[in-house]
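Chemist: After the structure tokens below, expect a handful of questions from me.
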């Protein structure tokens, strides 16, 4: 059980807190702005249009990175 708690804490430390208007980076789509976060999904506006991502999976899988 302790090992499970450690794994949960490690995941929480690697997933950034995200809110509307945060800037993110995607390898293919480039820079984008979080338009909306609802539950476990994100809507990100890129130059090409809106894209939908699962949160936090998009960050854990390396698809998105939060920009500073």
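In my numbering, the protein residues as written are 75 to 142.
Where a beta carbon is used, it is the ideal one built from N, C-alpha and C, also for glycine.
#1: With a threshold of 7 Å on Cβ separation, who are the neighbours of residue 113 within its own chain once the five nearest residues in sequence on each side are excluded?
#2: Can you tell me whether residue 133 is buried or exposed? The criterion is at least 16 other CB atoms within 10 Å of its CB, across all chains shown.
#3: Quick check on the DSSP output: what are the complete alpha helix (DSSP H) runs of length 4 or more inside the segment 106–142, in order along the chain?
#4: Determine the direct distance from the alpha carbon of residue 92 to that of residue 124, and round the result to whole angstroms.
Modeler: Let me lay it out:
#1: Cβ within range, chain order: n/a, list empty.
#2: Buried, by the Cβ-count rule.
#3: Secondary structure in the segment 106–142: the alpha helix (DSSP H) runs of 4 residues or longer, each lying completely within the stretch, are 131–134 in chain order.
#4: Between the C-alpha atoms of residue 124 and residue 92 there is a straight-line separation of about 17 Å.
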